[in-house]
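Asks: I'd like to ask you about the structure that follows.
In the working numbering, the protein residues as written are -3 to 160.
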């Protein structure tokens, strides 16, 4: 009896199917990893945007408190004539403000909490002994998203222009 010339081909049947399934599984794993990486990138951009908004809200709080302590007077031409208030002169030394909500505003869903502290220091080495008032404003801005929130804190120190 003569050996068949097709016996070698019978042993290799189905190997292409195994190779195709392997390639499909590997490509599916690569695609899922790429999708996960892209969604993670989108979330980090959103966190960065909300962090920038929270920083702007905190800066707004410092500017608001500064405007209460150092009211602008358009008629003042001399820095010595610019009045400054003490923190105790305000109705509250801690202000909690929720910024206006609107779909067109960049700070919608954001708020700030700002505190005012002041201290009077005696400048003993000045020609006539004078007291200088120093201020510290600490503002925390918060922006809330649906399932997380971003918060930033800004601290500013200032000195009164006039002496007490």
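Just so you know, even glycine gets a beta-carbon here, dropped at the ideal spot from N, CA and C.
1. Spatial neighbours of residue 95 within its chain, please: CB distance less than 7 angstroms, with the 5 preceding and 5 following residues excluded, ordered by chain position.
2. Given a cut-off of 8 angstroms on the beta-carbon distance, is the pair residue 128 and residue 154 in contact?
3. Starting from residue 145, trace the beta strand (DSSP E) both ways and give me its first and last residue.
4. Can residue 47 and residue 93 be called in contact, C-beta distance under 8 angstroms?
5. I'd like to know whether the C-beta atoms of residue 133 and residue 84 end up nearer to each other than 8 angstroms.
6. When the distance is taken between beta carbons, is residue 111 closer than 8 angstroms to residue 90?
7. Using C-beta distances below 6 angstroms, list every residue in its chain close to residue 82, excluding the 5 sequence neighbours before and after it, in chain order.
8. In chain order, what residues of the same chain lie with their CB nearer than 7 angstroms to the CB of residue 38, ignoring the 5 residues before and after it?
9. Given that a residue counts as buried once 16 or more other Cβ atoms are within 10 Å of its Cβ, and exposed if not, what is residue 131?
10. Where does residue 137 sit, in a helix, a strand or coil, going by DSSP?
11. Could you have a look at residue 55 and say whether DSSP puts it in helix, strand or coil?
Replies: This is what the structure gives:
1. A distance below 7 angstroms between beta-carbons, with the five flanking residues on each side excluded, links residue 95 to the following residues of its chain, in chain order: 53, 103, 106 and 107.
2. Not closer than 8 angstroms, so no.
3. According to the DSSP assignment, residue 145 belongs to the beta strand (DSSP E) that extends over 145 to 155.
4. It is not a contact, given that the beta carbons lie outside the stated cut-off.
5. Against a cut-off of 8 angstroms, the Cβ pair of residue 84 and residue 133 comes out as no contact.
6. Going by C-beta atoms, residue 90 is nearer than 8 angstroms to residue 111.
7. Hits under 6 angstroms: 114.
8. Within the same chain, residue 38 has no close Cβ partners at all.
9. Buried, because 16 or more other Cβ atoms sit within 10 Å of the Cβ of residue 131.
10. In the structure shown, residue 137 sits in a strand (DSSP, three-state: E or B).
11. Judged by DSSP in its simplified three-state form, residue 55 adopts helix.
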